[in-house]
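What follows is a single structure, written as structure tokens, with notes after it.
Protein chains: 2
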Amino acid sequence: MPDIKPETPPETPNTTEKDFLESYDATAFDRPSVTVDVVLLIAAKDALWTLLVERQEHPCLGCWALPGGFVGLEESLDSAATRVLAKKAGLEGFFLEQLYTFGRPDRDPRTRVITVAYYALTASERLIGQNREWKIELARIVVPWDGEAGGAVTVTDADGEPLELAFDHAEILGTAVQRLRGKLDYSQIAFQLLPEKFTLRQLQAVHETVLGRTLNKDSFRRRQLASGHLEATGERERQVGYRPAALYRFAKA
Amino acid sequence: MPDIKPETPPETPNTTEKDFLESYDATAFDRPSVTVDVVLLIAAKDALWTLLVERQEHPCLGCWALPGGFVGLEESLDSAATRVLAKKAGLEGFFLEQLYTFGRPDRDPRTRVITVAYYALTASERLIGQNREWKIELARIVVPWDGEAGGAVTVTDADGEPLELAFDHAEILGTAVQRLRGKLDYSQIAFQLLPEKFTLRQLQAVHETVLGRTLNKDSFRRRQLASGHLEATGERERQVGYRPAALYRFAKA
DNA sequence: AAAATAGTGTCTATGAGACACTATAGT
DNA sequence: ACTATAGTGTCTCATAGACACTATTTT
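Which chain is which? The protein sequence lines are W and E, in order.
Using the numbering used here, the first residue of the first sequence is number 18, and each one after it goes up by one.
Using the numbering used here, the first residue of the second sequence is number 18, and each one after it goes up by one.
As structure tokens, this is what we get:
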């Protein structure tokens with residue numbers, strides 16, 4: 018067992034709480050650094066994609082890393098994650114949820130860094146510009162395991178060339194995919210990966226991309242329509258070369 | 018948005034990674050304190066119970082708190098949680114899993130404290146002494162919400178007298194109950210709340226206690242026996258005043 | 001024998017998978 | 001008219017709930 022500091026500072030038990038707080042020395046103990054890292058996930062082209070940034074400094078110079086940053090002393094973990102994502106993706110209003118906290122002592126060679134990982138979801142349409150190119154740099158996620166087995170994943174660029182991930186970010190990404198797969202069935206997060214109006218086929222495609230397997234069309238349609246989470250817009254697809262499908266909207270009730 | 022330090026230290030980009038690491042100053046930034054808090058859960062007497070300690074110091078003097086402690090600079094989060102639990106419960110070998118990380122800036126009035134919460138499970142038999150009394154101090158958890166709604170819970174002593182919880186520990190406890198309820202169906206964690214050999218009725222009682230509702234006996238038996246996770250020991254209950262039930266053992270395969 | 005729970009067999013309702021069929025857009 | 005996909009109707013199978021019934025222990 019490692020040698021650690023005592024849990025509580027030397028006490029002066031007969032003071033009031035107010036006196037105690039005023040005399041409390043917050044710098045008395047060694048403390049780890051705390052960061053947030055954000056996994057922004059997109060479903061497109063039959064795969065999951067995530068926002069990565071190329072490291073311009075040591076360590077892991079040239080590797081690809083999740084957008085992240087230190088947690089400010091006055092901000093909550095959620096707002097730190099929101100801030101990091103707004104800065105790196107240039108957009109706001111994503112679905113954002115805490116994922117897991119990674120704290121292996123040797124996960125960063127500089128010093129002890131504990132990172133609270135978050136994952137964010139958005140429709141791929143929000144990140145594609147007019148020219149059909151990504152507006153930001155996205156990497157394709159390759160999941161080497163089935164179901165909810167979990168474990169590290171690998172990433173490639175749009176041409177399928179492998180990218181090297183920094184630190185333990187392959188594990189963090191894998192945890193995000195595992196979480197997404199696990200919550201898909203019983204939650205409504207799949208809708209976060211779609212634009213406001215979508216067809217049942219698009220919804221099924223998102224489910225299939227996330228799960229990495231095909232689904233039964235009939236059963237999927239029935240279940241979704243019976244779920245109460247779909248609201249018909251009355252509109253239909255346009256210009257699709259076949260019978261246009263009805264467009265639905267996500268309904269929370 | 019809070020005013021925070023820059024994300025990276027002043028750079029010297031033309032050095033090697035080794036040089037960089039040697040010159041890196043880990044103390045250059047303000048850092049929060051990081052603790053682990055552990056929710057040890059027991060199912061007994063038709064309720065969930067958890068290990069709490071009475072605070073002997075400010076703040077929240079006299080309140081009840083989850084066992085916790087600072088994370089040492091050289092230990093992993095998991096081992097910090099294991100260490101805290103071994104010290105407070107005097108036992109080892111519990112099921113232990115990371116729960117959630119709580120980091121509201123004002124959750125501890127002393128200074129910024131981010132806590133990585135864990136939950137642990139064990140059979141109530143392990144914590145009951147020869148005299149049928151708890152060997153350690155356990156509080157009864159009262160869950161004011163149904164299903165997996167989530168939210169804070171309250172706690173009482175064994176006589177039903179309310180206990181005041183410190184900091185945001187009511188929320189942490191609620192998150193633990195919510196997680197346990199959520200994982201009960203699709204995981205094997207219920208077995209962690211039972212002794213090595215148990216009857217189907219005991220298994221059902223644990224499920225019902227965790228979920229806070231009754232379950233269909235026939236369906237429960239069928240599903241459990243079909244799950245492949247039960248191994249008959251060939252033994253039966255003894256001295257029970259009615260037909261003794263078969264004893265099973267948890268089988269991972 | 002009575003009491004109390006263990007354990008079995010069977011019927012029914014529900015939801016998933018499979019498949020055949022009809023509908024409707026673009027070309 | 002042809003093609004491709006949308007959408008409907010129906011059959012079958014697996015599983016949960018309900019309920020009746022038998023089995024086995026202690027008192």
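Here a beta-carbon is modelled for each residue, glycine too, at the ideal position from N, C-alpha and C.
Taking the continuous beta strand (DSSP E) assigned at residue i, which residues delimit it?
i: L247/E; result: L247 to R253
i: E154/W; result: No beta strand (DSSP E) contains E154/W, which DSSP labels as neither H nor E.
i: L217/E; result: Not the beta strand (DSSP E): L217/E falls in the alpha helix (DSSP H), residues L217 to L228.
i: Q115/W; result: F112 to F119
i: V172/W; result: T171 to T173
i: F267/W; result: A263 to F267
i: A134/E; result: V130 to L138
Determine the chain W residues that contact residue i at a beta-carbon separation under 7 Å, and present them in chain order.
i: V51/E; result: R48, P49, V51 and I131
Quick one: which chain E residues come within Cβ less than 8 Å of residue i?
i: Y117/W; result: Q115
Buried or exposed for residue i, please, with buried defined as at least 16 other CB atoms from any protein chain shown within 10 angstroms of its CB.
i: Q256/E; result: exposed
i: S244/W; result: exposed
i: D54/W; result: buried
i: R143/W; result: exposed
i: Y259/W; result: exposed
i: Y203/W; result: exposed
i: A156/W; result: buried
i: P49/E; result: buried
i: A175/W; result: exposed
i: A106/E; result: buried
i: R196/E; result: buried
i: G251/W; result: exposed
i: A166/W; result: exposed
i: A284/E; result: Residue 284/E lies beyond the range of chain E shown here (18 to 270); nothing can be said about it.
i: L242/E; result: exposed
i: G85/W; result: buried
i: P179/W; result: exposed
i: E92/W; result: buried
i: P122/W; result: buried
Could you pull out every residue in the same chain whose Cβ sits closer than 8 Å to the Cβ of residue i, ignoring the five residues on either side in sequence?
i: R124/W; result: V130, T132, F184 and D185
i: F112/E; result: A137, L138, T139, I206 and Q209
i: L177/W; result: Here the sequence assigns Gly to residue 177/W, which means Leu is not the residue at that position. Counting only Cβ-Cβ distances below 8 Å, and skipping sequence neighbours, we find R157.
i: R253/E; result: P261, A262, A263 and L264
Grab me the residues of residue i's own chain with a C-beta within less than 6 Å of its C-beta, minus the 5 sequence neighbours each way, in chain order.
i: T231/E; result: E225
i: Q73/W; result: none
i: A97/W; result: V53 and V88
i: R168/E; result: Per the sequence presented here, residue 168/E reads as Gly, with Arg not at that position. Contacts found: W162 and G191.
i: P126/W; result: P76
i: V51/W; result: V88 and I131
Just to confirm my understanding: we take residue i, look at its own chain, exclude 5 residues before and 5 after, and list those with CB closer than 7 Å. What are they?
i: R238/E; result: L217
i: V194/W; result: L65, I158, V160 and V170
i: L228/W; result: R198 and L201
i: P212/W; result: A140 and E142
i: T99/E; result: L113
i: A103/E; result: E109
i: I189/W; result: D54, V56, L83, F119 and A134
i: V223/W; result: A60, A207, L210 and L211
i: L220/W; result: A207, L211 and Q241
i: D63/W; result: T226
So which residues of chain E does residue i contact, with C-beta pairs closer than 7 Å?
i: S93/W; result: G120, R121 and P122
i: L90/W; result: D47, P49 and R129
Since residue i is in the alpha helix (DSSP H), which residue starts that stretch and which ends it?
i: V194/W; result: H186 to L201
i: F237/W; result: K234 to A243
Going by the C-beta, is residue i closer than 7 Å to any heavy atom of the ligand MG?
i: E225/W; result: Among the ligands in the structure shown, none appear at all, so the ligand MG cannot be discussed.
Q: Quick one: which unbroken beta strand (DSSP E) runs of 3-plus residues sit fully inside the region 48–100 of chain E? Chain order, please.
A: 50–61, 64–68 and 85–87
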